[in-house]
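Written below as structure tokens is the structure these notes are about.
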Amino acid sequence: MPNLESIIITNCIGIAVVILTLVSSVETRRSKTPDTRLLTVMLLMIALSCFMEALSYIVDGKTWSSARALGMLSNTWLYLSNPTFAAIWCLYVDYRMYQSLNRLKRFRPLLMLTGFIWLTIIGNIFGGYLFIIDEQNFYHRLPLAYVYFAIPFLYVGISIADVYGYKRRHGGLSFFPIWVFVILFMIGCIIQASFYGISVAWCCLALAVAGVYMSLQNQLLYHDPLTGLYNRYCRYFEGKHSGQQHCHPLCRRRVYRPDAYRRSGKGGGSLPEHPEGRAGVQRSEQARLSALPFHGACILSGWGDVPGPFP
Numbered sequence: 215m216p217n218l219e220s221i222i223i224t225n226c227i228g229i230a231v232v233i234l235t236l237v238s239s240v241e242t243r244r245s246k247t248p249d250t251r252l253l254t255v256m257l258l259m260i261a262l263s264c265f266m267e268a269l270s271y272i273v274d275g276k277t278w279s280s281a282r283a284l285g286m287l288s289n290t291w292l293y294l295s296n297p298t299f300a301a302i303w304c305l306y307v308d309y310r311m312y313q314s315l316n317r318l319k320r321f322r323p324l325l326m327l328t329g330f331i332w333l334t335i336i337g338n339i340f341g342g343y344l345f346i347i348d349e350q351n352f353y354h355r356l357p358l359a360y361v362y363f364a365i366p367f368l369y370v371g372i373s374i375a376d377v378y379g380y381k382r383r384h385g386g387l388s389f390f391p392i393w394v395f396v397i398l399f400m401i402g403c404i405i406q407a408s409f410y411g412i413s414v415a416w417c418c419l420a421l422a423v424a425g426v427y428m429s430l431q432n433q434l435l436y437h438d439p440l441t442g443l444y445n446r447y448c449r450y451f452e453g454k455h456s457g458q459q460h461c462h463p464l465c466r467r468r469v470y471r472p473d474a475y476r477r478s479g480k481g482g483g484s485l486p487e488h489p490e491g492r493a494g495v496q497r498s499e500q501a502r503l504s505a506l507p508f509h510g511a512c513i514l515s516g517w518g519d520v521p522g523p524f525p
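Under my numbering, the letters of the sequence shown match residues 215 to 525, in that order.
As structure tokens, this is what we get:
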């Protein structure tokens with residue numbers, strides 16, 4: 215028999231981690247960029263799944279009038295959330311790496327596969343081939359369910375390949391802690407799939423996403439969000455390169471405000487007031503980055519009104 219108290223406590227811890235992460239990321243999520251929206255969706259999914267996980271054990275074997283319906287609802291949601299969360303994670307990883315909405319179109323086959331999986335899981339309500347709830351309202355996992363448990367591992371494998379593909383093409387400094395997520399994901403999913411009555415998967419995912427978020431805060435210290443370059447605080451990066459016998463190409467770049475104003479077609483004011491100017495700067499600097507050899511990097515040395523030496 216599962217220990218109901220420990221299951222409830224574990225999932226409450228997962229919900230608490232989600233709430234803390236949401237509160238600590240309020241300022242970051244105000245930008246409402248695609249990655250912050252995806253992060254919010256993932257955190258809300260984890261919180262809801264923790265609640266549904268606890269509910270599925272609470273109603274298991276109960277004789278209430280609504281116990282069977284709640285058991286079917288909670289378990290169906292948990293099966294639906296597994297591939298859905300993994301698909302959102304793939305989108306989040308790709309956008310964090312490349313900052314491109316156009317690249318997300320390449321995940322259409324993955325999203326179509328997720329939609330097909332949704333249909334098959336909903337069909338289980340009528341067919342009973344993944345899990346069943348018997349006459350006594352007890353949940354029973356069927357052998358085909360283990361195939362569905364393996365699907366998120368495929369999705370996470372795609373995200374790992376995406377990260378290492380980015381490193382091969384662009385190299386340089388990477389703040390994306392892919393293995394922080396992967397290790398906790400594997401621990402939680404393998405334990406829960408192997409032993410019925412242990413509920414740790416969603417709590418582990420809450421810790422994994424919180425760990426990824428905290429690690430990515432380093433990027434705010436060293437990365438200029440406008441140009442996509444590393445900023446002047448990234449001094450240790452220069453030290454890392456200079457201390458290597460075969461160092462990667464490294465350049466320093468100053469961006470001039472008048473150039474940005476001319477690109478925007480407007481005079482005066484500050485750069486944030488001109489969306490066209492910001493877009494022009496981003497295109498210009500990304501073009502320079504793409505011209506660097508593989509594993510090269512460029513550091514933003516500063517902003518200036520007139521050309522001058524680097525500080």
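Glycine is no exception: its CB is placed at the ideal position from the N, C-alpha and C atoms.
Identify the continuous alpha helix (DSSP H) that holds Y343 and give its terminal residues.
No alpha helix (DSSP H) contains Y343, which DSSP labels as neither H nor E.
Would G402 and P216 qualify as a contact pair, given that the criterion is a beta-carbon distance under 7 Å?
no
Please name the residue or residues paired with Y353 in a DSSP beta bridge.
I347
Measuring straight from C-alpha to C-alpha, what distance separates M326 and F395?
24 Å
Rounded to a whole number of angstroms, what is the C-alpha to C-alpha distance between I374 and T250?
20 Å
L324 vs A301 beta-carbon contact at 7 Å
yes
Residue range of the unbroken alpha helix (DSSP H) whose run includes P297
A281 to Y312
Spatial neighbours of A261 in its chain, beta-carbon cut-off 6 Å, leaving aside the 5 residues before and after
I229 and V232
When you compare the CB positions of Y309 and P248, do they come within less than 7 Å of one another, or not?
yes
Range covered by the alpha helix (DSSP H) that runs through F381
The question names Phe, but residue 381 is Lys in the sequence shown. Its alpha helix (DSSP H) spans residues A359 to H384.
Pairwise C-alpha distance: N289 and S220:
19 Å
Would you check if there are 3 or more beta carbon pairs closer than 8 Å linking the stretch 419 to 433 to the stretch 363 to 383?
no
Pull up the CB-CB distance for Y353 and S270, whole angstroms please, since I reckon it's below 8 Å.
7 Å
Counted within 10 angstroms of its Cβ, other Cβ atoms place S295 as buried (16 or more) or exposed
buried
If you count every other CB in all the chains shown that lies within 10 Å of the CB of P357, and 16 or more means buried, which is it?
exposed
When the Cα atoms are used, what is the spatial distance from F345 to G275?
14 Å
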